[in-house]
Amino acid sequence: MNSHTTLFQRTFLFAALAAVFCAPLAQAREKKAPSAKAANQYPAFDTHPNEQVTIAIDPCDDQRNCDFFRLPYVRHSLIPVRVIITNDSDTALNLDQARMQFISANSDKIPAATLDDINRRLFSTNQAKGTKIPLTPITIHHTPVDKKITDDDADFGFQSTTVNPHSTVAGYLFYDVKGLDDPPLKDAEIYIKMIHTLDGKKELFAFSIPFNKWHAASTTPAK
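Sequential numbering of the sequence shown, starting at 9, is according to my numbering.
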């Protein structure tokens, strides 16, 4: 066996091993969330017949049920909740000012976590870099948001704040339930207000979607 043959074999072996070990990682990155259905196809939803708008929620309280995320949010007491909005009216809606709050059984009002909030929960702030202000002893500290968090937001968050007529949009929000009674979703709800028509002339009535509806459906034995 000459040196050229040995080099070729080694190169081939390295490529084969790389393919074996990298394939599972590639498959993990390719995982996608289930396609969004019309909001009234989910167990937990609230419909406003006069406004012709339905909003549903689909939470994930078990990491195994939402393993398409790049990071284990549930293990860090961050509950992903998919909010699905179906607009059956002839008027487009605007979500720019919408407030989507988690209301606990004890009436705690928890806003959706920002990317910075999520980053602080999952990663140590000791890794944050600082910017020194010239001629002063002051350092401004910045906590860079991990790329996996921003990628998850890009892939699974709301892609648009406009809900066109006769269409459905959906996106995942994260709620910090650390410190709440266990299980945190019991008797809790998502309260959504300040959705406007795109022209700004009308504000929709608030929506209230209890998690108990979702829980009842998820624990009902299949027939």
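Think of the CB as a built atom: it goes at the ideal place given N, C-alpha and C, for glycine as much as any other residue.
This one's a predicted model, so the numbers in the text were calculated from it and none came from an experiment.
- Using a 10 angstroms sphere on the CB of Ser115, the tally of other CB atoms stays under 16, which defines it as exposed.
- With contacts defined by Cβ atoms closer than 8 angstroms, Pro67 and Phe77 do not form a contacting pair.
- Burial state of Asp70 is exposed, judged by a 10 Å Cβ sphere holding fewer than 16 other Cβ atoms.
- Taking C-beta separations shorter than 7 angstroms and ignoring five residues to either side along the sequence, the partners of Met108 in its chain run Val91, Ala120, Leu181, Ile198 and Ile200, following chain order.
- Excluding its 5 nearest sequence neighbours in each direction, Gln105 has C-beta neighbours in its own chain below 6 angstroms: Met202, listed in chain order.
- In this structure, the alpha-carbon of Asp98 lies about 5 angstroms from that of Pro173.
- By the neighbour-count criterion, in which a residue is buried when 16 or more other Cβ atoms sit within 10 angstroms of its Cβ, Asp189 is exposed.
- Look at Gln109 here: in three-state DSSP terms it is strand.
- The beta carbon of His56 is closer than 8 angstroms to those of Thr62, Leu212, Phe213 and Phe215 in its chain, skipping five residues each way along the sequence.
- Taking every protein chain shown into account, the CB of Ala224 has fewer than 16 other CB atoms within 10 angstroms, so this residue is exposed.
- DSSP places Phe219 in the helix class (H, G or I) of the three-state scheme.
- The three-state reading of DSSP puts Phe164 in helix, counting H, G and I together.
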